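To start, the structure itself, in structure tokens.
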Amino acid sequence: AQTVTQSQPEMSVQEAETVTLSCTYDTSESDYYLFWYKQPPSRQMILVIRQEAYKQQNATENRFSVNFQKAAKSFSLKISDSQLGDAAMYFCAYRSYTGANSKLTFGKGITLSVRP
Amino acid sequence: KAGVTQTPRYLIKTRGQQVTLSCSPISGHRSVSWYQQTPGQGLQFLFEYFSETQRNKGNFPGRFSGRQFSNSRSEMNVSTLELGDSALYLCASSLEGGVWKTEAFFGQGTRLTVV
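Taken in order, these protein sequences are the chains called A and B.
The opening position of the first sequence corresponds to residue 1 in our numbering, with each subsequent residue numbered one higher.
The opening position of the second sequence corresponds to residue 117 in our numbering, with each subsequent residue numbered one higher.
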């Protein structure tokens, strides 16, 4: 079974600064997908960024980028130029590549606060 | 295009009762997954339905069940409610379950409180 670990329960960042959220996972599969989801106070989960394990290039989406280290099973999220609207809970998630399986395995999440 | 709609948004039930939650996926989406979110356990997968068939199931007791209708709308039912069932229940829909390019879109959830 796959597991996802987010060891930092809370982090804080100054507005306009950069912050990195950590995530590690465990799997015996070679092909899979990793995601970062954001959950603001409205509770709606929003996909921030996605990484396919077979791609060596790290995914980027505007101010968001990942550092994907497949051998180390590490998948961190970097938020550049942090904005007040980035304050939310962030979840790292894993999804198998093979089979008809939409199941997402989530980490415990990290609460990010942004200081003005 | 309307997003994933979950009803009701809030629910208070008494121990021993049963409850039904509803999820209307994005138009055209055929896969619906359900998750339970609690402060202690985090987000846990309940089950997934695709074309009216349960395709995957998480590690929850048989009190938790679900179904999907021909229009892809899904319901989940919890019978004999326990205090520990108090949680945020999230529904996610995707175009084709299991296809890697498909993103899962989440609803705003139903907050269930069992007293």
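Glycine is no exception: its CB is placed at the ideal position from the N, C-alpha and C atoms.
Keep in mind that this is a model prediction, so the values were computed, not measured.
Distance check for residue j and residue i, CA to CA, integer angstroms please.
i      : j      : result
A:M89  : A:Q44  : 11 Å
B:A118 : A:Y37  : 20 Å
B:G178 : B:M192 : 12 Å
A:S65  : A:R50  : 10 Å
B:T229 : B:L137 : 13 Å
A:Y97  : B:E212 : 13 Å
A:G85  : A:Q14  : 12 Å
B:S190 : B:N175 : 19 Å
B:T123 : B:Y151 : 15 Å
For residue i, collect the residues of the same chain with a Cβ closer than 6 Å to its Cβ; drop the 5 residues on either side in sequence, then sort them by chain order.
i      : result
A:Q2   : T27, Y94 and T105
B:R227 : Y126 and L204
B:S209 : V120, P141, I142, H145, V148 and F221
A:I46  : K38
B:V215 : The predicted model places B:V215 with a pLDDT of 49, which falls under 50 and marks its position as unreliable; any figure quoted below should be read in that light. Once the five neighbours on either side are set aside, B:V215 has no close Cβ partner at all.
Enumerate in chain order the residues of its own chain whose CB-to-CB distance from residue i is below 7 Å, with the five nearest sequence positions on each side excluded.
i      : result
B:S188 : P141, H145, R146 and V148
A:A87  : L112, S113 and V114
Note down, in chain order, each residue of its chain lying with its Cβ closer than 8 Å to the Cβ of residue i, except the 5 sequence neighbours on either side.
i      : result
B:G132 : T196 and L197
A:Q8   : L21, S22 and I110
A:N58  : Q51, S65, V66, N67 and F68
Please check the pair residue i and residue j, which I expect to be a contact at CB under 8 Å, by giving their CB distance rounded to whole angstroms.
i      : j      : result
A:S82  : A:E10  : Wrong, their Cβ atoms sit about 15 Å apart, outside the cutoff.
B:V194 : B:Q153 : With a Cβ gap of about 14 Å, B:V194 and B:Q153 do not count as contacting.
A:Y25  : A:A53  : Not quite, the Cβ-Cβ distance comes to about 10 Å (not below 8 Å), so this is no contact.
Taking the alpha carbon of residue i as the reference point, which residue from the options has its own alpha carbon closest?
i      : options                           : result
B:S202 : B:S138, B:E212, B:T121 and B:P155 : B:P155
B:S186 : B:Y165, B:F161, B:G200 and B:V231 : B:Y165
A:Q69  : A:S30, A:G107, A:S113 and A:E15   : A:S30
A:R63  : A:E15, A:I49 and A:S80            : A:S80
Worksheet entry | Continuous beta strand (DSSP E) assignments of at least 3 residues falling wholly in the region 11 to 68 of chain A | 19 to 21, 24 to 26, 32 to 39 and 46 to 52
Worksheet item: What are the start and end residues of each continuous beta strand (DSSP E) run of 3 or more residues lying completely inside the region 125 to 181 of chain B, in chain order?
Response: 126 to 129, 135 to 140, 147 to 154, 158 to 166 and 169 to 173
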